[in-house]
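Keeping their order, the protein sequence lines are chains A and C.
For the first sequence, this note's numbering gives the first residue as 1, with consecutive numbering after it.
For the second sequence, this note's numbering gives the first residue as 413, with consecutive numbering after it.
What follows is a single structure, written as structure tokens, with notes after it.
There are 2 protein chains.
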Amino acid sequence: MPAPKKRILFVIMDGLGDRACPELRGMTPLQYMRTPNLDWFVDHGQGGLMDPISPGIRPGSDTAHLAILGYDPGESYTGRGPLEAIGIGLDMQPGDIALRCNFATVDDSLEIIDRRAGRIREPETTELVESLEDMDIDGIECIVRESTEHRAVLLLRGEGLSSNITDADPGGDTHLLMCEGRDEESEFTAYVVNRFMEECYERLRNHPTNRKRSAAGLMPANILVPRGAGCYPHIEPFQEKYGITGACVAGMGMIKGVCKACGLDIYPLPDGCDGSLDSDLITKTQCALEALNEYDFVLMNIKAADIAGHNGNPKEKCDVIRDLDAVAGFIKERLPEDTVIVLTCDHCTPCILEDHSGDPVPVAIFTRDMVRDEASEFSETGCSKGSLGRIRGMDLLNICMDLANRTEKFGS
Amino acid sequence: MPAPKKRILFVIMDGLGDRACPELRGMTPLQYMRTPNLDWFVDHGQGGLMDPISPGIRPGSDTAHLAILGYDPGESYTGRGPLEAIGIGLDMQPGDIALRCNFATVDDSLEIIDRRAGRIREPETTELVESLEDMDIDGIECIVRESTEHRAVLLLRGEGLSSNITDADPGGDTHLLMCEGRDEESEFTAYVVNRFMEECYERLRNHPTNRKRSAAGLMPANILVPRGAGCYPHIEPFQEKYGITGACVAGMGMIKGVCKACGLDIYPLPDGCDGSLDSDLITKTQCALEALNEYDFVLMNIKAADIAGHNGNPKEKCDVIRDLDAVAGFIKERLPEDTVIVLTCDHCTPCILEDHSGDPVPVAIFTRDMVRDEASEFSETGCSKGSLGRIRGMDLLNICMDLANRTEKFGS
């Protein structure tokens, strides 16, 4: 009787790991809170610490998720533009350059009034994007597709392109930047991006949709502002790489984009599972467990702890942890047979930093018939006592594939 | 007084590591059994867990032994054929392709009757191999050498060869397969292998040795069936790589082949040390300790636990562990001065899987004057508490070389 092939569930609690918080008597939120359900998985399985990328490297959520899915971010991450492009289904090809864009509002002197154009969304963005078809600048095809809300993607296709250019989006500033090449061979691409913005402005400024918005007192989306240029990334589709099907259960567009770029299906979620602080976590978890009936692998991302960390608010993070423990309890009570369950984070977001850090994250792996170690508490220190030791993000799915009895023998 | 250069003994307990066994109240065989002598080495030395290749990768015994000897299997493993060829002393060269072969018995319509030809062995295989000399197929030299028992090696030498071909050996099936190229440039090699089989059949079917076997009611070895094609592997000879002499103490042909391919001498063993379940472990251990008088490094492989794991029999594995503890006791009582002793496995063979897994294996390193840690039990969890942490197979010999005071300083 050979052991059964198991399914795999990753519960990625975004930004959950932390550093010592003065407000919590020098403890991390995870150390401070009682978390019997999270602890159960460590206690009955194995604990460890994980460097999402490598020790001391401060990951983004995108690069961390790539690594946790087993893709070396050094090879597979070429910027946010390409991930977003592939994420929305654009057929990006070697030689192409992709950029993320915001629909924005500029005045007559091209100063930015609103970098999200009053958070415009479909169907208006669809109408606007239609007017940007058939754009060719000096032999470079400019393909525009809408993404979520006020976002869009620009794909440049043609000879002699380079991604080594600066952003046109000034971020918090109001002065629209000219895109610049960082080296001589990138100057042409920068020129194309700047001409693209001019052309957008020409086509959008008097667009009927914008005239309607202005008449209604709304910000007209009269320009597209690009950033995050990147070239074609080599990402082997998930199903080819691992021989299993996979789905992503996430509210955040960025996470969905990364997962889709890797070839995971995006599992549909009801309203309310939106990656916000008060996202409906139990409904989302229910969806993740449902997804496991259809897929061999499910990645669920829960964003809330990251938001509390970015807010620099340990008490808020403690409240989130109470909800996350309820999620763990919900899973524990409905424990699917023959499943490998991973509880971890994509990165730490220490409250004291209000940003991501390169600290290792706690990780727990549980499945029936695995060797139990003596770690018994899901926290930065509790997990460090476990037998997983200190692993890397890129090894996590390999470890789980083996526990799921799905690996091929290398050698004989 | 500079520290003395020490010798190194690896005790590789093949397939010893395991997962939770329901029959052993959820414990692994190592957790379940009292092993005072194995424990002594952890208690007086250091413990850790080791990924033979890398986390989650399920090793073969061949790739694991390569890694444990410090060779990256990703570079040095090109298939079983080349390891077997080099193991039996064939001078394999870049451009050559090597395949393992079985002497087999086929009927007139080339259906396989016995894929081991009644387990034929020398001197008959020697007589048969002599008749296969001077074989040239379309400019490709076909060199055949006998290996152990019913096994042989085919070395192809000439222009335009490729190892990307399928096996002719159908494994458990009776229908002899035609070898096929997996891409266009491999089709010629596949054709050569198929012609080779025809030529073998022509030369062997009426060979006097086979006529004698048939007359005696034995299976005639009237064909050679190749599998496991591989190209020349880059394996730096052990003595050049480490500057020390080394020997292998093993019963299994495969382990001897890998070790010989790396440049270790094969230490002669008396009958009874054959890598079986009831192999004479104490005599083998005595030989390993004797070998340490002649060599700087000795690798001893004990196969029995792997067999019990493949049998899916935890109780049998427990019996083997009792014998392995006696081996550890034997070594402890005769502790050679100035020796670094390693107790570990090449891979886990969990009874529940009846096959290898990618779980990390327990490892203990002991030598006088090393830092003792708090690990005190030789098991999957006991060793995980040690200060070695989670290491990789490829690092093991470097760690031991340094404890043996034999490393060169990198830098100044």
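All C-beta atoms, glycine included, are put in the ideal place defined by N, C-alpha and C.
Compare the C-beta of residue i against all C-beta atoms of chain C and say whether one is closer than 8 Å.
i                      : result
residue 63 of chain A  : no
residue 409 of chain A : yes
residue 370 of chain A : yes
residue 412 of chain A : yes
residue 373 of chain A : yes
residue 282 of chain A : no
residue 387 of chain A : yes
residue 102 of chain A : no
residue 73 of chain A  : no
residue 39 of chain A  : no
residue 113 of chain A : no
residue 402 of chain A : yes
residue 395 of chain A : yes
Which residue from the options puts its Cα closest to that of residue i?
i                      : options                    : result
residue 394 of chain A : A:143, A:52, A:287, A:309  : A:52
residue 826 of chain C : C:744, C:711, C:595        : Because residue 826 of chain C is not part of the residues shown, which for chain C are 413 to 824, the question remains open.
residue 396 of chain A : A:317, A:217, A:68         : A:68
residue 326 of chain A : A:338, A:25, A:38          : A:38
residue 685 of chain C : C:704, C:705, C:664        : C:664
residue 704 of chain C : C:718, C:505, C:661        : C:661
residue 155 of chain A : A:280, A:91, A:340, A:213  : A:91
residue 788 of chain C : C:457, C:781, C:689, C:557 : C:457
residue 595 of chain C : C:611, C:487, C:505, C:578 : C:578
residue 135 of chain A : A:117, A:76, A:197         : A:197
residue 320 of chain A : A:20, A:29, A:2, A:5       : A:29
residue 169 of chain A : A:56, A:180, A:337         : A:180
Is the CB of residue i under 8 Å away from at least one CB in chain A?
i                      : result
residue 652 of chain C : no
residue 489 of chain C : yes
residue 447 of chain C : no
residue 771 of chain C : yes
residue 792 of chain C : yes
residue 768 of chain C : yes
residue 617 of chain C : no
residue 564 of chain C : no
residue 521 of chain C : no
residue 669 of chain C : no
residue 802 of chain C : yes
residue 465 of chain C : yes
State the Cα-Cα distance for the pair residue i and residue j, rounded to the nearest angstrom.
i                      : j                      : result
residue 533 of chain C : residue 560 of chain C : 7 Å
residue 779 of chain C : residue 653 of chain C : 23 Å
residue 188 of chain A : residue 266 of chain A : 36 Å
residue 554 of chain C : residue 256 of chain A : 55 Å
residue 766 of chain C : residue 444 of chain C : 19 Å
residue 408 of chain A : residue 50 of chain A  : 24 Å
residue 343 of chain A : residue 323 of chain A : 14 Å
residue 62 of chain A  : residue 308 of chain A : 19 Å
residue 72 of chain A  : residue 702 of chain C : 47 Å
residue 211 of chain A : residue 131 of chain A : 14 Å
residue 644 of chain C : residue 235 of chain A : 30 Å
residue 671 of chain C : residue 715 of chain C : 15 Å
residue 569 of chain C : residue 621 of chain C : 28 Å
residue 630 of chain C : residue 538 of chain C : 17 Å
residue 96 of chain A  : residue 178 of chain A : 21 Å
residue 281 of chain A : residue 313 of chain A : 20 Å
residue 74 of chain A  : residue 117 of chain A : 34 Å
residue 185 of chain A : residue 144 of chain A : 24 Å
residue 771 of chain C : residue 625 of chain C : 47 Å
residue 386 of chain A : residue 278 of chain A : 32 Å
Write down the C-beta distance between residue i and residue j rounded to the nearest angstrom, noting that I regard them as a contact closer than 8 Å.
i                      : j                      : result
residue 348 of chain A : residue 361 of chain A : 6 Å
residue 673 of chain C : residue 498 of chain C : 4 Å
residue 588 of chain C : residue 656 of chain C : Not a contact, Cβ separation roughly 46 Å.
Taking Cβ positions, are residue i and residue j nearer each other than 8 Å?
i                      : j                      : result
residue 378 of chain A : residue 41 of chain A  : yes
residue 676 of chain C : residue 658 of chain C : yes
residue 129 of chain A : residue 98 of chain A  : no
residue 223 of chain A : residue 201 of chain A : yes
residue 70 of chain A  : residue 398 of chain A : yes
residue 712 of chain C : residue 729 of chain C : no
residue 287 of chain A : residue 47 of chain A  : no
residue 513 of chain C : residue 434 of chain C : no
residue 420 of chain C : residue 650 of chain C : no
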